[in-house]
Amino acid sequence: MASRGFFPPLPAGHWLFAGIVLVLAPHALHLPPWLSALAFAMIAWRWAAAAGRLPLPGKWILLLLLAGSAAGILLQYRTLFGRDAGVAMLTLMLALKLLEMRSYRDALLTVFLGYFLVITHFFYTQDIPLAVYLFAVVLVLSSALVALNHPASARHWRRPLKLSALMLAQAVPVMLLLFVLFPRLGGPLWGMPSDAFSAKSGLSETISPGSISELVQSDAVAFRAQFEDTPPAASSLYWRALVLENFDGRSWGRQRGRQEAQPALETAGKPIAYTLTIEPHDKPWIFALEVPDPQALPPDTFLTRNLQLLANKPMQRLTRLNLSAYLDHRVAADAVPSQLKHALQLPEQGNPQARELALRLRSEAGSDAEVVARALALFREQGYSYTLTPPLLGKNSIDEFLFATRSGFCEHYASAFTFLMRAAGVPARIVAGYQGGEFNPAGGYFIVRQSDAHAWSEVWLEGRGWVRVDPTAAVSASRIQNGIASALSAGEPLPFLLRTNMAWLKQLRQQWDAVSTYWDLWVLGFNQEQQIGLFARLGFGIVSWRELVWGLAIGLGVALGLIAAFTLWPGRRAAPDKVQALYLRFCGKLEKAGLARLPSEGPLDFAQRIRVLRPELADDADALVRRYIALRYGAHATAEMQRLFAAQVRRFRA
Amino acid sequence: MATLASRLFPLLAQLVRGRGSEAGPIVLDRRRIYILPTRLGLIFALFLLAMLIGSINYGLSLGYILTFLLGGVAVVGILHTYRNLQGLRIADAGATPAFAGEDAMFHFLFEAPAERLALNLRWRGEASVIFDIEAAQRIGVRVPAPQRGRLKPGRFTLSTVYPLGLFRAWSYVEFDHAAIVYPKPGEMPPDFLAAGEDDADTRPGPGEGSEDFAGLRAWQPGDSPRQVAWKVAARSDLLATKRFSDVEGSSVLLDWARLAGADTETRLSQLTRWVLDAEQAGLRYGLRIPGRDIAPGNGAAHRQQCLEALALHGLSEHG
């Protein structure tokens, strides 16, 4: 393309610059502000240069900008690799590429880079609004591509947009075929950058005062659960994630190592079948109901000694698991003291008042079960309150909580209760997970959010094995029965949407969640398993990748054949009477100029006579007559040709 | 295999050598249109590959969708690029003569069944002409004319990368046409413009200049197109005919024999120069070269006749 004047020619340039700004805009949410500002300033500079308002930067300024931004990224992220630093690099590279863009080729490469940057957004989120937005961005970038290839027609902004929209629409069937039929791999080809999934929130590996109350302030979805039959009551929905047995005086941690020795498990009744759809949280734990059926574990998972269900690998993508649970069960009733030793472990020092209280409870009670009951009664009756914002606790956190502040969140209660039990000689441990969930009637499933995060205790009782005890229920029964929002007073920092009573808003939100769940499952979660499952359900049996490739080839052939027929189809037929009228108008123009068509004269003879008498008109007249003949007698007389013929007649001057 | 090879071979041969020159107009169809990715198209494919590998590795479903969508756009782009040439009718619209060392201009008349954009017509490595066709369009392409004679340009390449620049569709246009290339005008001014001419036949006309050009009158049907004042027409939209006064007896003879001693090409060059000067001076002039004798005359047609005689001197009919 000619590059006279300023490059790129502006109508096309507007498309290009707008596309680049739009593709970078969402990154401004997570890039450091200096970096976004720098990138947008460079784009603005280039835009102004294309309009002739600013000179383009010289080679030295470009080098300086390159070195400066690379140094800035190094300082900011301490690396040039990984997700965030990579996105930062790409953003600045795109802006710099714009600044040194001087030719048609550079401009096209910039559009390609723009397309490439679209994909980087998916590291952060892949939800529906972003997908819609980025589709619009792709439309703008494609319009830029069309406009750069024909700058003149870009003066009418609709023209490149119309063509690129048509091409994108035609590309959709190709995309769908490829998406469904392209063979999927089971796992990644190589390792991921260490920060690829750092945006995920969820339960952490240890629990200390304040760790859960922080998590609860997020309304992000942790997982969804769908029961095959009637769901159990909300008060028995204890989604177990982690069992914490090591106490260091302040925080509770996991026992490390893979201990698969199964405890004795007695179950009664029929198992409850349900499906979990777990959001990526980059940790291996699975939020199973008590107690998972050891005979029906999902593939690539295992049960630990203390009945934690863990995946072999951290869950870095949306994971769908079919599980079943026995709500009626007895775990490790036959445990011997050596197996319970670690459930009595306490630090040597600290929290003397709590130890004293525990000894008192022990001496007053006749059995372990009574110790438990007395401790719960203590929480219920001694003015303890349930709050998300308890006072900070110092070194002897249990003592301070039990005897001074008396207000706390679930982790405070579980922690203090478990400490008391251990000090009183009752084997006990903390379980972290989620409790309850919001039933979504639109999708028929429970939504469990980070705000449903919970911690409770389990104690081992002679003859009954491990029994769940939730000290929070003693303080605030409403938390367990009606959810977190009902249990906290109005001033607590809960997400707005958890609080609201507006029914329509809630309903809208649930419907939206149902839609995005389908999106998550069928679009985002479409993996090898889903692909195989889909074809099995369609009656193709288990398809191999070879069959997929064949299907793809045939499908693409058919789709492209249809698109080709549509694209290359000449269009609607012309209307013969209109064509005739236009021809007579052309003859009328010549008649006025003294060159009347003879009654018997055919169009070709007439054109011949025009060439002799008015040679300067001959080229136009010939073209006109040829198109007339093609329209009148040709096999491919189209409405489009008729339109052009009309324009020719209109412009003809004799 | 054998049949496939025998079918492929003529196709390949055509691609390399072309079809040979054709007389009549051609209409571009699938047998004449070739299409391949451009270099930028190949780079785009690399971008798509990187995006696909990234999507596979990071399990980005929307990454797959984006990659497949862009792949689809590229494939659909093949059809749109092909369509931009499909159905074009191209006719030979003559050639403009040139002097050796300058560029001759070959003209083509393009007609399209619908709008065609960003077409590129080019002769070998020379600068290309970029144009759009709304319905019909006359396009001239420059071809360097290094030596006098008939210039047969061979094949022109018509191509387009519209709308995406990822694919290039092209076709060859080779008509059986030629441009006349006049000899390069020589350096020496003609002696007949100097005073003191003794040859009665080559006496300068009365009063040099363009006295014999007697003005313009309105064009009437039947006037020769050669007498139309095209420059005036281009400026004002009025057709006018040039009138010339008939000045008998004042003519020069541009004679080959007067350049004795020089070689053929130099003589032809020099005579070319004289023809131009004589025409410009408004003289009546005749031309005499071995094998050709043109009676004195004047005007564009006469000038062209003389120049053509000089251009084709010593060349066979098809030289």
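Those protein sequence lines, which keep their order, are chains A and B.
For the first sequence, counting from 1, position 573 maps to 573 in the working numbering; every step adds exactly one.
Adding 1000 to a residue's 1-based position in the second sequence gives its number in the working numbering.
For glycine and all other residues, C-beta sits at the position ideal for the given N, C-alpha and C.
- For histidine 1080 of chain B, the residues of chain A that pass the 8 Å Cβ criterion are Leu163, Met167, Thr567, in the order they occur in the chain.
- By the criterion of a C-beta distance shorter than 7 Å, leucine 62 of chain A is surrounded in its chain by Leu96, Leu99, Glu100, once the five residues flanking it on both sides are discounted.
- In this structure, the CA atom of glutamate 1308 of chain B is about 11 Å from the CA atom of arginine 1292 of chain B.
- The C-alpha of leucine 617 of chain A lies about 32 Å from the C-alpha of arginine 1124 of chain B.
- If you check the CB distance, threonine 517 of chain A and glycine 425 of chain A do not come in under 7 Å.
- For a Cβ distance threshold of 8 Å, residue set Leu644, Ala647 of chain A lies close to glutamate 1134 of chain B, ordered along the chain.
- At a cut-off of 7 Å, the C-beta of phenylalanine 526 of chain A has a neighbouring C-beta in chain B.
- By the neighbour-count definition (other C-beta atoms within 10 Å, threshold 16), glutamate 591 of chain A is an exposed residue.
- In the structure shown, the three-state DSSP call for alanine 273 of chain A is strand.
- For glutamate 1265 of chain B and proline 1183 of chain B, the gap between their C-alpha atoms comes out near 8 Å.
- Counting the other CB atoms within 10 Å of its CB gives valine 1181 of chain B a total of 16 or more, which places it among the buried residues.
- DSSP places histidine 454 of chain A in the uninterrupted beta strand (DSSP E) bounded by 453 to 461.
- Collapsing the DSSP output to three states places leucine 92 of chain A in a helix.
- In this structure, the straight-line span from the alpha carbon of valine 459 of chain A to that of valine 180 of chain A is close to 50 Å.
- Put simply, the CB of glutamine 170 of chain A is near chain B, with a gap under 7 Å to one of its CB atoms.
- DSSP places glycine 1297 of chain B in the uninterrupted beta strand (DSSP E) bounded by 1292 to 1297.
- With at least 16 other beta carbons inside 10 angstroms of its own, proline 151 of chain A counts as buried.
- Of the residues A:Leu289, A:Ser36, A:Asp106, the one whose Cα lies closest to the Cα of alanine 273 of chain A is A:Leu289.
- Among the CB atoms of chain A, none fall inside 7 Å of the CB of proline 1146 of chain B.
- Minimum Cα-Cα distance from glycine 72 of chain A among the listed residues A:Thr91, A:Leu54, A:Pro55 corresponds to A:Thr91.
- The beta carbon of methionine 175 of chain A sits closer than 7 Å to some beta carbon of chain B.
- Using beta-carbon distances, valine 118 of chain A counts as an interface residue toward chain B, with a partner under 7 Å.
- Contact with chain B is found for phenylalanine 112 of chain A, since one of that chain's Cβ atoms lies less than 7 Å from the residue's Cβ.
- Residue contact check for valine 1143 of chain B against chain A: no CB pair falls below 7 Å.
- Serine 544 of chain A and arginine 184 of chain A have their alpha carbons spaced roughly 11 Å apart.
- Legend: CB atoms of the stretch 431 to 461 of chain A lying less than 9 Å from CB atoms of chain B are not found in any residue.
- Counting along the chain, no beta strand (DSSP E) covers leucine 1040 of chain B; the unbroken alpha helix (DSSP H) around it starts and ends at 1039 to 1058.
- Each residue's CA atom was taken as its position, placing glycine 52 of chain A and phenylalanine 6 of chain A some 6 Å apart.
- A straight-line Cα-Cα distance of about 10 Å links alanine 365 of chain A and leucine 359 of chain A.
- In the DSSP assignment, tryptophan 252 of chain A forms a beta bridge with A:Ile207, A:Phe247.
- Collapsing the DSSP output to three states places serine 103 of chain A in coil.
- Counting only the Cα atoms, leucine 1069 of chain B lies some 28 Å from glutamine 511 of chain A.
- Within the same chain, and ignoring the five residues on either side of serine 36 of chain A in sequence, the residues whose Cβ sits closer than 6 Å to its Cβ are Ala28.
- Judged by beta-carbon spacing, arginine 1150 of chain B lies beyond the 7 Å limit of methionine 1105 of chain B, meaning their Cβ atoms are not closer than that value.
- C-alpha of arginine 573 of chain A to C-alpha of alanine 49 of chain A: approximately 48 Å in a straight line.
- Nearest CB-CB separation between phenylalanine 1110 of chain B and chain A: not below the 7 Å threshold.
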